[in-house]
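>
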Amino acid sequence: MTLNVAIVGTGIFARDAHLPALEKSEYFTPYSCFNRTKPKAVTFAKNAKISKIYDNMEEAFEDPKVDIVDALLPVQFNLDAVKLAVKHKKNICLEKPIAANLEQAEQIVKLYRENPDILIAINEHWLYFKAVNALKDAISKIGKVYSFTYHSTGPFHFDNKYLVTSWRQKPQHIGGYLSDGGVHQLALLTGVLGNVKKVNAHTNQIRKLSGTDDILYSLFELESGVIGTYTYGSVFGNTDKKCFFMIMGDNGTIYLDFSPSQPEKITLRVGGASPDSETYTKEIVIEDENRTPLTEFNVLGEALTNGDNSVILATPEATFHHLAIVDAALKSSAQGGATVEVQKA
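Its first residue numbered 681, the sequence shown is counted upward by one per residue in the numbering used here.
#1: Nearest to R887 by alpha carbon, out of R695, G981 and L843?
#2: For the segment 705-749, list the alpha helix (DSSP H) runs that are entirely contained and at least 4 residues long, ordered along the chain.
#3: Please go through the same chain and pick out, in chain order, the residues whose beta-carbon is closer than 8 Å to the beta-carbon of Y826, but skip the five residues on each side of it.
#4: Between which residues of its own chain and T829 is the CB-CB distance below 7 Å, once the five residues before and five after are set aside?
#5: So, A694 versus L759, is the Cβ gap smaller than 7 Å?
#6: So, using beta-carbon positions, are G1034 and L807 closer together than 7 Å?
#7: In three-state terms, what does DSSP make of A881?
#8: Examine chain C for any beta-carbon lying closer than 7 Å to the beta-carbon of L752, and answer yes or no.
#9: Whole angstroms are fine: how far does the CA of P796 sit from the CA of F714?
#10: What residue does the beta strand (DSSP E) around Y842 start on, and which one ends it?
#11: Helix, strand or coil for G981, going by three-state DSSP, please let me know.
#12: State buried or exposed for E804, treating a residue as buried only when at least 16 other CB atoms are found within 10 Å of its CB.
#13: Can you tell which of G987, G952, Y935 and K704 has the C-alpha that lies nearest to the C-alpha of K679?
#14: When you compare the CB positions of F708 and N970, do they come within less than 7 Å of one another, or not?
#15: Are the beta-carbon atoms belonging to F924 and H831 less than 7 Å from one another?
#16: If you pair each beta-carbon of the segment 773-781 with each one of the segment 844-854, do three or more pairs fall below 8 Å?
#17: Where in the segment 870-937 do unbroken runs of the beta strand (DSSP E), each at least 3 residues long, occur, reported from the N-terminal end onward?
#18: Which of the three DSSP states, helix, strand or coil, is assigned to A785?
#19: Using the beta-carbon count (16 or more within 10 Å), is M681 buried or exposed?
#20: Can you tell me whether DSSP reads I673 as helix, strand or coil?
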């Protein structure tokens, strides 16, 4: 017995990412759909072999045959969708970031806390990366962690299919590209090292098509006291896509290279805590990383099937924090790089 999914918002990502993942999942069946432009819903339904199309969004939440609503909306409408889920006691997952701003995100967190009987999750699938657990395991071998460098930069692609969407060209969500893609990066960073306490940042805009600032250079202080840099922006001219995460301790270092041009791997270098400490280098290849939504859908399916939501990592509280880091960075940049504390939910 599989769970029926109502897909609300049938755009590019629903077609190219969510639908294939739902079809592969052992837990779910695409059951129904809605789009505010009905011809788009009709086309999606035909490709997905869906026979039920709603005339308005609330019908998806009213339908007793729907087990969960998969909402792929411009994020300024996420709060409205969560309110409908609460009204009709319907499970829901939402596309990232959690909301357009922290005020909306706070309301989603509040509804989540007040309604523990409903599954409310955000689709930040980087929290489920195999690299997260591999890095956590490696950290246990490098002594006390003091600092990190997180770097993700690359060229601008004019043929990016997502550029045509108006909600990306004229973003209503804070940070635009910096939050839309950045929350994934921050999910990986905080998933390994924990939450961010303070931010000093500078941002700038390179591409008009980004709609707002699209590069971020910053210094983070974590709740643990660890300090490090976070650099993000794939809008430059001709250059290689470079993605790496380096973690430094008093007994070694860890270097994750997740640049797309080569196999993803961790280089673990152990030693240095004392003159006679054991020293060695080990490479750990991350095979078949969970880069599609399939893993997170399987986690959602497991939670709904077993009635145990504790397996869900991408909770409103966790994803609020990722958006709050972006918010703090933008505020810091507006103040010339001043120190800004990350708001708590």
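Every residue, glycine too, gets a C-beta built ideally from N, C-alpha and C.
In short:
#1: Ranking the options by Cα distance to R887, first place goes to L843.
#2: Counting only runs of at least 4 residues, the segment 705-749 fully encloses the following alpha helix (DSSP H) elements, listed from N- to C-terminal order: 718-728 and 737-742.
#3: Answer for Y826: V906, I907, M928, G929 and D930, listed in chain order.
#4: Listed in chain order, the non-local C-beta contacts of T829 below 7 Å within the same chain comprise G908, T909 and M926, local neighbours out to five positions each way being set aside.
#5: Taking 7 Å as the cut-off, the beta carbon of A694 is found no closer than this to the beta carbon of L759.
#6: Any answer about residue 1034 is impossible in this case: the structure gives the chain only from 681 up to 1025.
#7: The answer is strand: DSSP assigns A881 an E or B state.
#8: Absent from the structure is chain C; it holds one protein chain and no more.
#9: F714 and P796: Cα-Cα distance of roughly 26 Å.
#10: Looking at the DSSP string, Y842 is not in any beta strand (DSSP E), and its letter there is neither H nor E.
#11: Reduced to three states, the DSSP call for G981 is helix.
#12: Classification of E804: buried, given that the 10 Å Cβ count is 16 or more.
#13: With the chain represented from 681 up to 1025, any question about residue 679 goes unanswered, as that position is not in the structure.
#14: Going by beta carbons, F708 and N970 fall outside the 7 Å limit.
#15: Their beta carbons are under 7 Å apart, which means F924 touches H831 by this criterion.
#16: The segment 773-781 is in contact with the segment 844-854.
#17: Within the segment 870-937, the complete beta strand (DSSP E) segments of 3 residues or longer fall at 876-884, 895-902, 907-916, 922-929 and 932-937, listed in chain order.
#18: If DSSP states are grouped into helix, strand and coil, A785 belongs with the helices.
#19: Exposed, since its Cβ has fewer than 16 Cβ neighbours within 10 Å.
#20: In this structure the chain extends from 681 to 1025, so residue 673 is not present and cannot be described.
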